[in-house]
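Accompanying notes for the structure given below.
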Amino acid sequence: MESPIISAILLLLLALLSRGIADPAEDKQALLDFLGGIRLRRRLNWDSNGPVCGRWTGVICSSDKSRIVTVRLPAVGFNGRIPPNTISRLSALQTLSLRSNGLTGPFPSDFANLTSLANLYLQFNRFTGPLPSDLPVWTNLTVLDLSFNAFNESIPSSLSNLTHLSALNLSNNSFSGKVPDFGHPNLQLLNLSNNNLVGEIPNSLRRFPNSSFRGNSLVNSSFFDIPISPSPPPLPPSLPPILSPVQSLTKTHHRWSEAALLGIIVGGCALVFAVIAVFLLLCCSRGKGGNVRKPLKKLGSSPEKPSVGKLEENNRLVFFDGCNFVFDLEDLLRASAEVLGKGTFGTAYKAVLEDGATVVVKRLKEVGVGRREFEQQMEVVGRVRHENVVELRAYYYSKDEKLMVCDYYRLGSVSSMLHGRRGENKTPVDWETRVRVAIGAAKGVARIHMESNGRLVHGNIKSSNIFLNPAGYGCISDLGPATIIHQSLPPMSRPAGYRAPEVFDTRKATQASDVYSFGVVLLELLTGKSPVQVIGGRGDEVVHLVRWVRSVVREEWTAEVFDLVLMRYPNIEEEMVEMLQIALACVTRAPEQRPRMEEVVRMVEDIRRGGTDSGNRTSSDTESVGVGPTPVQGVSGSNHLEGSSSS
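Heads up: the sequence shown runs through residues -22 to -1, 1 to 625, numbered per mature numbering (1 follows the signal peptide of the UniProt record, and there is no 0).
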């Protein structure tokens, strides 16, 4: 009697299980056929043996995982024609974005099979030829962007059949002939600029601004038959927030009446007062420590807004192999951005993209090398893969702007942990966390020094360039800029307190100077103090951390060095003294006397291994460093105390 019931339950569980692991096999094969038939500059993590949904970069499935509904692959490096009968087999596809690639050939005629398509983005490619005279009747299509290609001949009148279309961008192609009358009420955004169109603008399209038609030989009869003159070649769009928009001012000369002049004067005064009020408000908000989050330049009103500017062919984001991010420069333009900090070599921004991904964009300043050397250095940096080095995901080079794109670490920098959030609510940084920072950062710097046959230098090691990775260990960031910028910057523009003495003279960072900077970071972890402190209300006295620690050790008051917060934790005094010895060895004035980073890693790890039984230490083992004057054994010699003026 029970066996039929048990069988039914087993069948039901099997059905539910099979549904839970459902994978759109036919759609998956269509994408694999597409990938196999096209040239690709970047590798995608499309594993033929693994599941598609939630795993493949740029691919989104339906809620029941039975079909693929979105494919977003901008700027991944596709080149050549779209293989026929591949993407067109995704009959449930709703959004397709292949913009900013190197796709060629005519408009894919088999896209007519994409009957569920709602958004199609093919801008910034190299498509050629005419559009089909009878465009597919995509009954759900709302956004169509074919801008910045080489489509030619006439614009098909069959566009009028796309009655749900709300955004259409055909700008910067080679379309000729007259503009068809396809202006249905749902169309909200139109851009036909910079083509070879002639004749009158249809009545149904005259509700759009003149900018929608510039760069053609069109006449708008509602404006007394005044031709819409061609516009100058489009400029590249401004970059992440990166960049203040430059407004062009057109000067006009008129005779003004006294009343008009008075009005201008009064209005000008009001504007000045308003600007001052806004300025004071911003200053107050910054004084409270708030970073202002602001959207980047808006390029339109659709989800993937059509571009208003043309990028040079080579000026695209360059991604490294293994990077699963799918975005391009347009995505960065639309992202909301928050200033994380202004450093020695540029400003870092936190950018939140439309798909929720968060990255750090660093806008470099005063780059003193050309494109080739810049790209070569970025390729060197991009090859460094280590859990304790922040990976460079992408870079951008143009004449005016140089950008680096890296991962975002939500736990923040070591500098903000140690020196930020002052007051009663500040969370103390325990000794375990500080040791993990030291171990991870040491391994990261050692790994960097192994690159390029042991010749790579970081050149800007400081606590604000060290972050906590997901495992809680230190992770080195900002690798690369020092090599391409240091020659154009005076030594005093380097971060004060971290500079090795020899850098003042040579203006050149070395692996030995990296070791010095890392030693300063160790002193920060031990003391909780900044590398440089200003004493006195007028800032008339500057105290360098290295000098201060040396003077305290010289006077044999070692216990005075350590952060009072660390005194709360029992049985760690011996480890702190050993760490202090390592730090002082790193900041020795003579570069040749400093240890190499692989030696530093070994010494720091030995502290941790030696400290695993610290809980079993007796008070007599540690009381010598708890209170009173105690020398640091092996560090109080002249080699470590000479040249105390260096910092």
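Just so it is clear, CB atoms sit at the ideal spot from N, CA and C, and this is done for glycine as well.
- Around the C-beta of Pro2, 16 or more other C-beta atoms lie within 10 Å, and the residue is accordingly described as buried.
- Distance from the CA of Arg567 to the CA of Arg50, rounded to the nearest whole angstrom, comes to 54 Å.
- Scanning Gly475, Ala561, Arg532, Ser26 for the CA closest to the CA of Val520 turns up Gly475.
- As summarised for the segment 317 to 374, the continuous alpha helix (DSSP H) elements at least 4 residues long and confined to that stretch are 349 to 360, given in chain order.
- By the criterion of a C-beta distance shorter than 6 Å, Ala90 is surrounded in its chain by Pro114, once the five residues flanking it on both sides are discounted.
- For the options Glu429, Trp526, Gly58, the alpha carbon positioned closest to that of Thr106 is the one of Gly58.
- Cβ contact annotation for Pro134 (same chain, cutoff 6 Å, sequence separation greater than five): Leu109, Ser111, Leu113, in chain order.
- For the pair of segments examined, the segment 415 to 430 was found to touch the segment 446 to 454: the number of CB pairs separated by less than 8 Å reaches three.
- If you check the CB distance, Gly497 and Val565 come in under 7 Å.
- A distance of 7 Å or more separates the beta carbons of Val407 and Ile454.
- In this structure, Met382 lies near Lys340, with their beta-carbon atoms less than 7 Å apart.
- Per DSSP, reduced to three states, the secondary structure at Thr141 is coil, with no helix or strand assignment.
- In this structure, the straight-line span from the alpha carbon of Glu131 to that of Arg21 is close to 36 Å.
- For Val383, the enclosing beta strand (DSSP E) starts and ends at 380 to 385.
- Taking C-beta atoms as the reference points, Ser182 and Ser149 fail to come closer than 7 Å.
- Ranked by how close their Cα comes to the Cα of Pro187, the residues Asn194, Asn173, Leu168, Gly177 have Leu168 in first place.
- Contact between the segment 5 to 14 and the segment 60 to 70 is present: 3 or more CB-CB pairs across the two stretches fall below 8 Å.
- Its chain contains Lys156 as the residues whose beta carbon lies nearer than 6 Å to that of Gly177, once the 5 sequence neighbours on both sides are disregarded; these appear in chain order.
- Counting C-beta atoms within 10 angstroms of its own C-beta, Asp25 has fewer than 16 neighbours from the protein chains shown and is therefore classed as exposed.
- Under the three-state reduction of DSSP output, Pro108 falls in the strand class.
- Separation of Ala70 and Asp5 (C-alpha to C-alpha, rounded to the nearest whole angstrom) is 9 Å.
- Under the three-state reduction of DSSP output, Gln72 falls in the coil class, being neither helix nor strand.
- Between Ser78 and Phe56, the C-beta spacing is not below 7 Å.
- Annotation for Ala335: Phe303, Phe305 place their beta carbon closer than 8 Å to its own, counting only its chain and skipping 5 residues before and after.
- A straight line joining the alpha-carbon of Gln559 with that of Ala478 spans about 18 Å.
- Ile38 is bridged by DSSP to Thr48.
- In the structure shown, Cys453 falls within a strand segment according to DSSP collapsed to helix, strand and coil.
- With distances taken between CA atoms, Val530 lies nearest to Thr505 out of Val510, Leu140, Thr505.
- A distance below 7 Å separates the beta carbons of Leu100 and Leu76.
- Per DSSP, the continuous alpha helix (DSSP H) segment holding Thr484 begins and ends at 479 to 484.
- Beta bridge pairing from DSSP links His522 with Val510.
- Rounded to the nearest whole angstrom, the CA to CA distance from Arg17 to Arg184 is 43 Å.
- Judged by DSSP secondary structure, Gly58 falls within the beta strand (DSSP E) whose first and last residues are 56 to 58.
- Residue pairing for Tyr99: DSSP places it in a beta bridge opposite Ser75, Asp123.
- At a Cβ-Cβ threshold of 7 Å, Ala561 and Leu523 do not count as neighbours.
- Proximity to Glu351 across Asn438, Ile462, Ala490 peaks at Ile462, based on C-alpha coordinates.
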